[in-house]
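2 protein chains.
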Amino acid sequence: MRILVTGAAGMIGRKLVARLFRDGALGGRKITALDLHDVVPMEQLSDPGIHVAIHVGDLAEPGQAAALMRDRPDIVFHLAGVVSGEAEQNFALGYRANLDGARLLFHAIHEAGHCPRVVFSSSIAVFGGPFPDIIPDDFHTVPLTSYGAQKVMTEALLVDYTRRGFLDGVGLRLPSVCVRPGKPNKAASGFFSNIIREPLVGREAVLPVGRGVVQTHASPRSVVGFLIHAASLDGAAIGPRRNLNMPGVAVSIGEQIEALERVAGKETAALVREEHDDAIWAMVQHWPTRFAASRARELGFTAEDSFDDIIRVHIGDELSG
Amino acid sequence: MRILVTGAAGMIGRKLVARLFRDGALGGRKITALDLHDVVPMEQLSDPGIHVAIHVGDLAEPGQAAALMRDRPDIVFHLAGVVSGEAEQNFALGYRANLDGARLLFHAIHEAGHCPRVVFSSSIAVFGGPFPDIIPDDFHTVPLTSYGAQKVMTEALLVDYTRRGFLDGVGLRLPSVCVRPGKPNKAASGFFSNIIREPLVGREAVLPVGRGVVQTHASPRSVVGFLIHAASLDGAAIGPRRNLNMPGVAVSIGEQIEALERVAGKETAALVREEHDDAIWAMVQHWPTRFAASRARELGFTAEDSFDDIIRVHIGDELSG
Numbered sequence: 358m359r360i361l362v363t364g365a366a367g368m369i370g371r372k373l374v375a376r377l378f379r380d381g382a383l384g385g386r387k388i389t390a391l392d393l394h395d396v397v398p399m400e401q402l403s404d405p406g407i408h409v410a411i412h413v414g415d416l417a418e419p420g421q422a423a424a425l426m427r428d429r430p431d432i433v434f435h436l437a438g439v440v441s442g443e444a445e446q447n448f449a450l451g452y453r454a455n456l457d458g459a460r461l462l463f464h465a466i467h468e469a470g471h472c473p474r475v476v477f478s479s480s481i482a483v484f485g486g487p488f489p490d491i492i493p494d495d496f497h498t499v500p501l502t503s504y505g506a507q508k509v510m511t512e513a514l515l516v517d518y519t520r521r522g523f524l525d526g527v528g529l530r531l532p533s534v535c536v537r538p539g540k541p542n543k544a545a546s547g548f549f550s551n552i553i554r555e556p557l558v559g560r561e562a563v564l565p566v567g568r569g570v571v572q573t574h575a576s577p578r579s580v581v582g583f584l585i586h587a588a589s590l591d592g593a594a595i596g597p598r599r600n601l602n603m604p605g606v607a608v609s610i611g612e613q614i615e616a617l618e619r620v621a622g623k624e625t626a627a628l629v630r631e632e633h634d635d636a637i638w639a640m641v642q643h644w645p646t647r648f649a650a651s652r653a654r655e656l657g658f659t660a661e662d663s664f665d666d667i668i669r670v671h672i673g674d675e676l677s678g
Numbered sequence: 358m359r360i361l362v363t364g365a366a367g368m369i370g371r372k373l374v375a376r377l378f379r380d381g382a383l384g385g386r387k388i389t390a391l392d393l394h395d396v397v398p399m400e401q402l403s404d405p406g407i408h409v410a411i412h413v414g415d416l417a418e419p420g421q422a423a424a425l426m427r428d429r430p431d432i433v434f435h436l437a438g439v440v441s442g443e444a445e446q447n448f449a450l451g452y453r454a455n456l457d458g459a460r461l462l463f464h465a466i467h468e469a470g471h472c473p474r475v476v477f478s479s480s481i482a483v484f485g486g487p488f489p490d491i492i493p494d495d496f497h498t499v500p501l502t503s504y505g506a507q508k509v510m511t512e513a514l515l516v517d518y519t520r521r522g523f524l525d526g527v528g529l530r531l532p533s534v535c536v537r538p539g540k541p542n543k544a545a546s547g548f549f550s551n552i553i554r555e556p557l558v559g560r561e562a563v564l565p566v567g568r569g570v571v572q573t574h575a576s577p578r579s580v581v582g583f584l585i586h587a588a589s590l591d592g593a594a595i596g597p598r599r600n601l602n603m604p605g606v607a608v609s610i611g612e613q614i615e616a617l618e619r620v621a622g623k624e625t626a627a628l629v630r631e632e633h634d635d636a637i638w639a640m641v642q643h644w645p646t647r648f649a650a651s652r653a654r655e656l657g658f659t660a661e662d663s664f665d666d667i668i669r670v671h672i673g674d675e676l677s678g
């Protein structure tokens with residue numbers, strides 16, 4: 358089977374590609390070709406059993422998406438887009454990358470006419486507060502960011518293209534991805550990962566909000582698991598409501614730090630330094646906290662059971678155990 | 358004040374314009390100019406106190422919306438678009454008229470830079486079944502038509518443009534508009550009006566579904582009232598959730614016919630002839646029935662109290678009493 362990954366150079370994209378190489382198959386079918394697309398160049402990957410083609414370009418440019426569909430991939434993972442901070446800073450770029458890019462891709466898929474499975478990485482940013490204690494699957498989507506609005510719009514397209522039989526879509530509303538590897542970044546949500554990743558390698562990390570803040574997390578490994586699972590789900594079992602709230606571990610920051618202490622010791626956990634940041638707090642207080650994610654669990658999506666496990670996954674995958 | 362109405366030649370557009378002429382003012386401010394836009398030519402309307410400009414064109418054509426914003430209207434009623442049957446039949450046209458038209462209009466409003474109130478006619482078609490008995494205000498929007506998808510997308514744009522301060526939007530999810538004046542049309546929902554309008558002038562009407570089907574209705578007069586009320590609502594009182602489920606009268610078809618009998622007599626009501634249509638039933642069974650519409654009522658939106666009143670409004674407005 359042939360698989361296309363857009364946004365393949367991103368953090369989740371790279372981990373997904375590594376997993377596809379490792380598995381060599383998806384849903385019981387051998388992977389023969391991988392098309393990897395991104396706006397930034399990728400390292401040349403190779404695998405003895407898989408034909409890999411690297412494509413560098415902008416999906417919002419006319420013709421780009423059509424070129425990607427020439428070999429009619431069986432599965433499309435659409436991960437491309439700009440992140441929420443960038444979409445908020447640059448209004449036009451956000452709509453271009455996140456909405457127009459998806460729309461042109463879906464249009465090209467429709468034109469190709471073979472109705473592949475399309476797995477789209479949406480986000481819990483489709484939701485805006487105030488929230489009930491536990492957000493049910495049928496809660497309305499009124500985002501408080503442009504990024505969230507672009508995800509809502511793409512979700513609606515995905516549902517409509519699926520209903521029409523132009524593609525066979527599944528949208529995954531990803532929770533906070535934790536622990537994010539790499540350097541601390543300036544994303545407002547970065548501290549959820551920073552306070553684990555940095556202490557684990559002996560560095561201080563700043564906590565800009567109170568320890569009572571609750572957020573739902575899943576490891577990068579689980580997120581890749583969601584994508585793979587979605588790729589081979591039976592569409593009829595999903596029904597017409599194609600955008601699913603993914604499961605995760607809902608914990609307070611205090612509980613995150615307690616888990617860090619259990620897994621890595623008191624001295625490691627002591628490297629978290631509190632330094633309040635009003636601007637970050639202003640955003641964080643509107644973020645969703647807990648999700649029922651009932652349909653996703655029924656459909657077999659699984660995440661970690663505890664934040665201790667999330668830390669162990671990070672140690673296993675990023676710190677060589 | 359200057360007011361722009363898009364879709365001004367449509368049924369609701371014409372009634373809104375007539376009301377604006379009659380009132381001569383909106384929210385306590387005198388109306389001095391009216392820009393009326395539509396894809397089809399309108400009769401030349403005139404009013405001694407109001408400067409009326411007729412614009413014929415396609416909002417999805419580049420430059421159209423910018424031209425409409427040259428005189429910086431204080432209020433924009435965005436009613437333009439193709440109806441659900443047309444959007445379902447012609448996929449590309451639906452997205453062009455309903456999504457791209459709105460997006461270009463909102464973009465032009467943003468460019469004009471004066472943040473007018475924008476009242477957008479959305480629809481309960483944003484919802485798709487299965488439904489709870491009474492649809493709450495925070496129910497998710499997963500439409501089962503392309504028209505509904507286009508409304509969901511435009512609603513998301515409206516919220517985001519409002520949050521950014523580019524415009525000051527209010528979206529109204531209109532219930533079934535009943536009694537629709539004019540000739541019977543082929544819209545799947547047409548029978549809800551046909552079974553009242555036709556018997557009232559002594560003609561037979563076909564009822565293609567069972568009498569137990571429940572739907573929420575508001576008269577054209579109430580819908581115009583929603584639009585006018587939305588135009589002068591305090592944005593701060595609405596908050597960030599700008600798309601509101603409008604109130605209406607939830608009745609079964611049996612109750613509609615009983616009301617017809619009370620208002621116009623047994624012989625009139627006997628002109629409804631049952632003739633089952635599987636294709637219409639297939640659609641109708643997925644339509645939403647009852648809405649809480651709590652927020653809209655709190656914000657002062659009002660509709661009729663009974664279906665008897667809806668019939669009386671039709672007799673008063675369309676049959677000269």
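Top to bottom, those sequences are chains A and B.
Number 678 marks the last residue of the first sequence (this note's numbering); no jumps.
Number 678 marks the last residue of the second sequence (this note's numbering); no jumps.
Quick reminder that beta carbons are idealized off the backbone N, C-alpha and C, glycines included.
Cross-chain neighbours of residue i in chain A, by beta carbon under 7 Å
i, result
"B:Arg-453", "Neighbours of B:Arg-453 on chain A: none; closest Cβ ~12 Å, over 7 Å."
"B:Ala-513", "Ala-506, Val-509, Met-510"
Supposed close pair residue i, residue j - CB separation, criterion 8 Å
i, j, result
"A:Val-475", "A:Gly-526", "5 Å"
"B:Ile-360", "B:Leu-383", "7 Å"
"B:Val-413", "B:Pro-398", "5 Å"
"B:Glu-445", "B:Ser-479", "Actually they are not in contact, since the Cβ atoms of B:Glu-445 and B:Ser-479 sit about 17 Å apart, beyond 8 Å."
"A:Ala-422", "A:His-464", "7 Å"
"B:Asn-551", "B:Pro-541", "5 Å"
"B:Ser-663", "B:Val-620", "At roughly 10 Å, the Cβ-Cβ gap does not stay under 8 Å, so B:Ser-663 and B:Val-620 are not in contact."
"A:Ile-553", "A:Val-536", "5 Å"
"A:Leu-656", "A:Leu-557", "At roughly 33 Å, the Cβ-Cβ gap does not stay under 8 Å, so A:Leu-656 and A:Leu-557 are not in contact."
"A:Gly-528", "A:Arg-599", "6 Å"
"A:Met-358", "A:Ile-388", "6 Å"
"B:Gly-458", "B:Ala-506", "With a Cβ gap of about 15 Å, B:Gly-458 and B:Ala-506 do not count as contacting."
"A:Arg-530", "A:Leu-584", "With a Cβ gap of about 13 Å, A:Arg-530 and A:Leu-584 do not count as contacting."
"A:Phe-549", "A:Met-603", "In fact, because the Cβ distance is near 16 Å, the residues do not count as touching under 8 Å."
"A:Ile-411", "A:Leu-393", "5 Å"
"A:Asp-562", "A:Leu-628", "One point to set straight first is that residue 562 of chain A is Ala, not Asp, in the sequence displayed. The pair is a contact, with the Cβ atoms about 6 Å apart (cut-off 8 Å)."
Residues that residue i contacts on chain B, provided the C-beta gap is smaller than 8 Å
i, result
"A:Thr-646", "What A:Thr-646 touches in chain B: nothing, since even the nearest Cβ is about 16 Å away."
Partners in chain B for residue i, counting only beta-carbon separations shorter than 7 Å
i, result
"A:His-497", "Asp-495, Phe-496, His-497, Thr-498"
"A:Asp-517", "Ser-503, Ala-506"
"A:Gly-485", "Pro-597"
Strand pairing of residue i, partner residues [DSSP]
i, result
"B:Val-527", "B:Val-476"
"B:Leu-601", "B:Leu-529"
"B:Thr-573", "B:Ala-607"
"B:His-323", "Chain B is shown from 358 up to 678; residue 323 of chain B falls before or after that span and cannot be answered."
"A:Phe-496", "B:Phe-496"
"A:Arg-654", "Note: A:Arg-654 sits in no beta bridge, so no partner."
"A:Glu-631", "A:Leu-564"
"B:Thr-363", "B:His-394, B:His-435"
"B:Asp-404", "B:Ile-407"
"B:Ile-491", "B:Arg-647"
"B:Leu-679", "Given that chain B is displayed from residue 358 to residue 678, the structure contains no residue 679 of chain B and the question cannot be resolved."
Under 8 Å by beta carbon: chain A residues contacting residue i
i, result
"B:Ser-651", "Correct list: empty, because the minimum Cβ distance to chain A is about 13 Å."
"B:Leu-501", "Arg-520, Pro-597"
Cross-chain neighbours of residue i in chain A, by beta carbon under 9 Å
i, result
"B:Phe-664", "Going along chain A, no residue has its Cβ under 9 Å from B:Phe-664, so there is no contact; the nearest lies around 28 Å."
"B:Gly-458", "Those do not exist, as B:Gly-458 stays about 15 Å from chain A at its closest Cβ, beyond 9 Å."
Within chain B, the residues that residue i reaches when beta carbons sit closer than 9 Å
i, result
"A:Phe-448", "His-467, Asp-517, Arg-521, Phe-523"
When you compare the segment 427 to 438 of chain B with the segment 446 to 465 of chain B, are there three or more beta-carbon pairs, one atom per stretch, that lie closer than 8 Å?
Touching, yes, given that three or more Cβ pairs across the two stretches are closer than 8 Å.
Under 7 Å (Cβ pairs) to chain A, residues found in the segment 460 to 482 of chain B:
Residues are counted here when their Cβ sits less than 7 Å from a Cβ of chain A; for the segment 460 to 482 of chain B the count is zero.
With a cut-off of 8 Å, do at least 3 Cβ pairs link the segment 560 to 570 of chain A to the segment 607 to 615 of chain A?
Three or more beta-carbon pairs drawn from the segment 560 to 570 of chain A and the segment 607 to 615 of chain A are found closer than 8 Å, and the two stretches are therefore classed as touching.
Take every Cβ of the segment 631 to 649 of chain A, pair it with every Cβ of the segment 481 to 500 of chain A, and state whether three or more of those distances are shorter than 8 Å.
A contact exists between the segment 631 to 649 of chain A and the segment 481 to 500 of chain A.
The segment 662 to 677 of chain A contacting the segment 379 to 396 of chain B, beta-carbon criterion three pairs below 8 Å
These segments do not touch.
What residues from the segment 416 to 437 of chain A come within 9 Å of chain B, judged by C-beta to C-beta, listed N to C?
Here the close residues number zero.
Mind the definition here: the segment 575 to 593 of chain B touches the segment 633 to 641 of chain B only if three or more C-beta pairs lie below 8 Å; say whether that holds.
At 8 Å Cβ cutoff, the stretches do not touch.
Name the residues in the segment 537 to 555 of chain A whose C-beta lies less than 8 Å from a C-beta of chain B; which are they?
Per Cβ criterion, the list is empty.
Quick one, which residues of the segment 577 to 605 of chain A are near chain B if we go by CB-CB under 7 Å, in chain order?
Those residues of the segment 577 to 605 of chain A that come within reach of chain B (Cβ to Cβ, closer than 7 Å) are Pro-597, Arg-598.
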